[in-house]
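K.L.:
Right, I'll just put the structure down here and ask away after.
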Amino acid sequence: MYQRLLKIVAGLTVSACILLFVSKDALLRRTADRRIAAVEQRHGLHIGYRELTLEGLNTVCMRGLSVVPETGHDTLLTISHLDLQLDFWRMLTGHLQVKHVKLDDLRLNFLKNDSTANYDFLFRPSASPVTKEKSMGTDYARQAHRLLDWLYERMPDNGHITRLHVTEQHNHHRVSAYLPDMNIAANCFHTDIEITEDTLPAQRWVLTGRLSPAKRHLEAQLHAADRHDIRLPYLQRRFGADIRFDTLTCRLSETQDTNDRLRLDGQADIAGLRLYHTALSPDTIRLDKGSLDYRLGIRPQVIELDSSSIVRFNRLSFHPYIRLAHHANDSLPPLARWHVTASVHQPWFPAQDLFGSLPEGLFSTLAGIRTEGELTYHGFLDADFACIDSLKLASELKNRNFHILHQGASNLSKMNEEFEYTAYENGRPVRTFPVGPSWEHFTPLDKIPAVLQTAVMQSEDGAFFYHQGFLIDALREALIQDLKERRFARGGSTISMQLVKNVFLNRKKNITRKLEEALIVWLIESQRLTSKERMFEVYLNIAEWGPLVYGIGEASAFYFNKRPAELTVEESIFLASLIPHPKTFRYSFDDNGRLRESLSGYFNLIAERLAKKGIITEEEAARIRPQVNITGEARKQLME
3 MYQRLLKIVA
13 GLTVSACILL
23 FVSKDALLRR
33 TADRRIAAVE
43 QRHGLHIGYR
53 ELTLEGLNTV
63 CMRGLSVVPE
73 TGHDTLLTIS
83 HLDLQLDFWR
93 MLTGHLQVKH
103 VKLDDLRLNF
113 LKNDSTANYD
123 FLFRPSASPV
133 TKEKSMGTDY
143 ARQAHRLLDW
153 LYERMPDNGH
163 ITRLHVTEQH
173 NHHRVSAYLP
183 DMNIAANCFH
193 TDIEITEDTL
203 PAQRWVLTGR
213 LSPAKRHLEA
223 QLHAADRHDI
233 RLPYLQRRFG
243 ADIRFDTLTC
253 RLSETQDTND
263 RLRLDGQADI
273 AGLRLYHTAL
283 SPDTIRLDKG
293 SLDYRLGIRP
303 QVIELDSSSI
313 VRFNRLSFHP
323 YIRLAHHAND
333 SLPPLARWHV
343 TASVHQPWFP
353 AQDLFGSLPE
363 GLFSTLAGIR
373 TEGELTYHGF
383 LDADFACIDS
393 LKLASELKNR
403 NFHILHQGAS
413 NLSKMNEEFE
423 YTAYENGRPV
433 RTFPVGPSWE
443 HFTPLDKIPA
453 VLQTAVMQSE
463 DGAFFYHQGF
473 LIDALREALI
483 QDLKERRFAR
493 GGSTISMQLV
503 KNVFLNRKKN
513 ITRKLEEALI
523 VWLIESQRLT
533 SKERMFEVYL
543 NIAEWGPLVY
553 GIGEASAFYF
563 NKRPAELTVE
573 ESIFLASLIP
583 HPKTFRYSFD
593 DNGRLRESLS
603 GYFNLIAERL
613 AKKGIITEEE
623 AARIRPQVNI
633 TGEARKQLME
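The sequence shown begins at 3 in the numbering used here and counts up one residue at a time.
The following block contains the structure:
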């Protein structure tokens, strides 16, 4: 009886298997249609296919797939031929791991006309309910792990991909990438890529690499198929950036340190980098070789670049530390949820490793400089955007047995003698004059009254004769205000920094100019290339005190028809107040030509400081009022 029952069960099992095998295509289509319907409803799409079958037990074959937005936009995706061989045992557990792929004629089109695009649905907020995980904040470790899982499972061990087209078009601009033939064998891939952008010459790239799901390892290399460099498309049009390079190599390995910590180790190398963007430099930046060996730790709310990571460019290498912590607090604005910590500590190293590694086009004033000796640097930033006033900042560059052997492209000692100075407005030169005795308006420092000198220093940089070119507290306060207003609202520059900016550098505001400015200030101050007294003398003789009015000699005549030595205390304080905004001096006066009462606080503050310095008596300070009599050329402009 048991044998008969066993035969019945076996027969039913075989029959079920046969029935399942015979109806497997219908089951596949039913399952696919159900999932397609859900995607269509969620994103507003029309998804169709001409044929969908299951060959054997684990090969999905699809023909004629199309994805079209419901709003009537152009087709987003079409695939003529797709065969996916899946890992059968992984498939039984609900995981889709691709073992072999055969793909032909995939066309992915990102099309945008004016403000509407056929991919708008990708950026619409999800209507799904908020999960517990989302309410507790983004889990970056889990997200990174899921992303890598998706990549490793979808990248086949073997395959052949032909005629793959990706196009991005915005109005009349168009970028396309075409992969004619991509081979994947034993997890290694190789393909040519043809890039076209508008009317620019076509490019041919070569992409090779290896992806190992078992070892959780990825590596790839990109280079041009000919001797030309690679020019990244789209960036010039979208961001105004021109980025080119010879070769780019990337490696990445994933390990799970603890239950909640993901670690990514890897390396990125670039050769022959050429970068242009007006926010960085007016010239093309050139970097022969650069690399990053990184150790990245990712926790649920923290992303951390370990200090064992190494950045190398040309001859210089250093170990940065960066920590990004996210506050899971929806009541805070998005930016206020971040806490950023960064530091660099570089022990003693040859000074020429720094100056010989400056990328060409980035620091043109220092090009060709040669030095000897050693340097050490420490930098630290801690910014909690939820409490930006607590920002901490430190930066210090020290030297040992340091000397300049050759100054390079610019003479950093030129202020020691008479030199030609050119004033700029909106990037254009407006006046050129000698800073020295041959200029009739030049005023030596000993001919400028101490009250004016002190008033200017107390307004602009009270510690000028005591610091080494920088005031870290002033830079910290300026950075706090810039971050609050999300713009360059406050400079935090010392007189040394203002002088270097005007004498040695172009007037365009960009990141690298500030770095070059800092290096030149450090060189002049640390090596005493120009004395503090001469620097201050130059500053007072080139500062703008009114519309196209330069130097204290011209300013004294323009406002008061006097020589600097004849200025009163009130006149000196007034002139000091003009340096931050010289072109708008008329706003300091009311309709009757008198100084506004709002200047009383400034006059009282400077008067108190002059008294504390012993320049005037306390009795004189108490009598100071914001009252001056404009008798020079400026009077005509006030009366207009």
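Built from N, CA and C at the ideal position, the CB exists for glycine as well. Predicted model, so just to flag it, every value in this text is computed and none were measured.
Which of the three DSSP states, helix, strand or coil, is assigned to GLN500?
P.N.:
In this structure, GLN500 counts as helix in the three-state DSSP scheme.
K.L.:
Between ASN639 and ARG565, is the Cβ-Cβ spacing less than 8 angstroms?
P.N.:
One detail in the question is off: residue 639 reads as Gln in this sequence, not Asn. Cβ distance not < 8 angstroms, so GLN639 and ARG565 don't count as in contact.
K.L.:
So LEU368 and PHE357 are in contact, right, with Cβ under 8 angstroms, and what is the actual spacing, rounded?
P.N.:
7 angstroms between Cβ atoms; contact.
K.L.:
Run the CB neighbour count on MET64, radius 10 Å, all protein chains shown included, and call it buried at 16 or more, exposed below.
P.N.:
It is buried - the Cβ of MET64 has at least 16 other Cβ atoms within 10 Å.
K.L.:
State the DSSP-derived secondary structure class of LYS416, mapped to helix, strand or coil.
P.N.:
In this structure, LYS416 counts as helix in the three-state DSSP scheme.
K.L.:
Ignore the nearest five residues each way along the sequence and tell me which others in LEU110's own chain have a CB closer than 6 angstroms to its CB.
P.N.:
Around LEU110: LEU79, VAL168.
K.L.:
Just to confirm before moving on: does the CB-CB distance between VAL437 and PHE444 stay below 8 angstroms?
P.N.:
In contact: VAL437 and PHE444 (Cβ atoms closer than 8 angstroms).
K.L.:
Measuring alpha carbon to alpha carbon, tell me which residue in LEU250, GLY555, ARG530 is nearest PRO451.
P.N.:
Nearest option by C-alpha distance: GLY555.
K.L.:
Tell me the DSSP secondary structure of THR514 in three-state form.
P.N.:
In the structure shown, THR514 sits in a helix (DSSP, three-state: H, G or I).
K.L.:
Is it true that the CB of ARG611 sits closer than 8 angstroms to the CB of GLN500?
P.N.:
In this structure, ARG611 does not lie closer than 8 angstroms to GLN500 by Cβ.
K.L.:
Tell me which same chain residues have a C-beta within less than 7 angstroms of the C-beta of GLN348, skipping the five on either side of it?
P.N.:
Excluding residues within five positions, the ones whose Cβ falls inside 7 angstroms are PHE320, THR378, TYR379.
K.L.:
Is it the case that the Cβ atoms of ASN418 and THR496 are separated by a distance below 8 angstroms?
P.N.:
No.
K.L.:
Beta-carbon separation of LEU393 and ILE482 under 8 angstroms?
P.N.:
Against a cut-off of 8 angstroms, the Cβ pair of ILE482 and LEU393 comes out as a contact.
K.L.:
Does the Cβ-Cβ distance between LYS114 and GLN43 come in under 8 angstroms?
P.N.:
Going by C-beta atoms, LYS114 is not nearer than 8 angstroms to GLN43.
K.L.:
For SER590, which residues of its own chain have a beta-carbon under 8 angstroms away from its beta-carbon, when the five flanking residues on both sides are left out?
P.N.:
Same-chain partners within the cutoff: PHE576, SER579, LEU580, LEU597, ARG598, LEU601.
K.L.:
Between the C-alpha atoms of LEU326 and ILE305, what's the straight-line distance to the nearest angstrom?
P.N.:
Taking the straight line from one Cα to the other gives about 5 angstroms.
K.L.:
Roughly how far, in whole angstroms, is the beta-carbon of LEU318 from the beta-carbon of ASP355, given that I think they are within contact range, below 8 angstroms?
P.N.:
Sure, about 5 angstroms apart at Cβ, within 8 angstroms.
K.L.:
So what does DSSP say about MET641, is it helix, strand or coil?
P.N.:
Three-state result, MET641: helix.
K.L.:
Are three or more beta carbon pairs between the segment 558–574 and the segment 523–539 nearer than 8 angstroms?
P.N.:
Flag = no, the segment 558–574 and the segment 523–539 do not touch.
K.L.:
Using 8 angstroms for Cβ pairs, my map puts ASP231 next to TYR278. What's the rounded Cβ distance?
P.N.:
No, ASP231 and TYR278 are not in contact; Cβ-Cβ is about 13 angstroms, not under 8 angstroms.
K.L.:
Looking at C-beta atoms only, is the number of pairs between the segment 622–629 and the segment 603–610 that lie closer than 8 angstroms three or more?
P.N.:
The segment 622–629 is in contact with the segment 603–610.
K.L.:
On a CA-only basis, which of ALA609, ALA636, GLU539 is nearest PHE560? Give me that one, please.
P.N.:
That would be ALA636, whose Cα lies nearest to the Cα of PHE560.
K.L.:
What alpha helix (DSSP H) runs, 4 residues minimum, are completely inside the segment 196–253?
P.N.:
Those alpha helix (DSSP H) runs which fall completely within the segment 196–253 and span 4+ residues are 237–241.
K.L.:
Once DSSP output is grouped into helix, strand and coil, what is the label at GLY603?
P.N.:
Residue state, collapsed to three classes: helix.
K.L.:
Once the 5 residues before and after GLN409 are set aside, which same chain residues still bring their CB inside 7 angstroms of it?
P.N.:
Around GLN409: ILE371.
K.L.:
How close, in whole Å, do the beta carbons of ILE163 and LEU105 come, if the pair is a contact with beta carbons under 8 angstroms?
P.N.:
So it is a contact: roughly 5 angstroms between Cβ atoms.
K.L.:
Kindly indicate which three-state DSSP category PRO131 falls into: helix, strand or coil?
P.N.:
Residue confidence for PRO131 is low, a pLDDT of 48 falling below 50, so the modelled location carries little weight and cannot support an answer.
K.L.:
When the Cα atoms are used, what is the spatial distance from ILE324 to VAL540?
P.N.:
Rounded to the nearest angstrom, the two C-alpha atoms are 41 angstroms apart.
K.L.:
Using only CA atoms, which one of TYR180, GLY292, ALA188, ALA465 lies nearest to ASP194?
P.N.:
Here the closest residue by C-alpha is TYR180.
K.L.:
Taking PHE365 as the reference, give the member of ALA609, HIS102, ILE513 with the closest Cα.
P.N.:
Taking only the C-alpha atoms, the option nearest PHE365 is ILE513.
K.L.:
In this structure, how does DSSP classify GLY161 when only helix, strand and coil are distinguished?
P.N.:
Correct three-state label for GLY161: strand.
K.L.:
Quick one, which of GLN87, MET184, ASN160, ASP151 has its alpha-carbon nearest LEU166's?
P.N.:
It is MET184 whose Cα lies nearest to the Cα of LEU166.
K.L.:
Classify ALA353 as buried or exposed, calling it buried when 16 or more other Cβ atoms lie within 10 Å of its own Cβ.
P.N.:
Buried, because 16 or more other Cβ atoms sit within 10 Å of the Cβ of ALA353.
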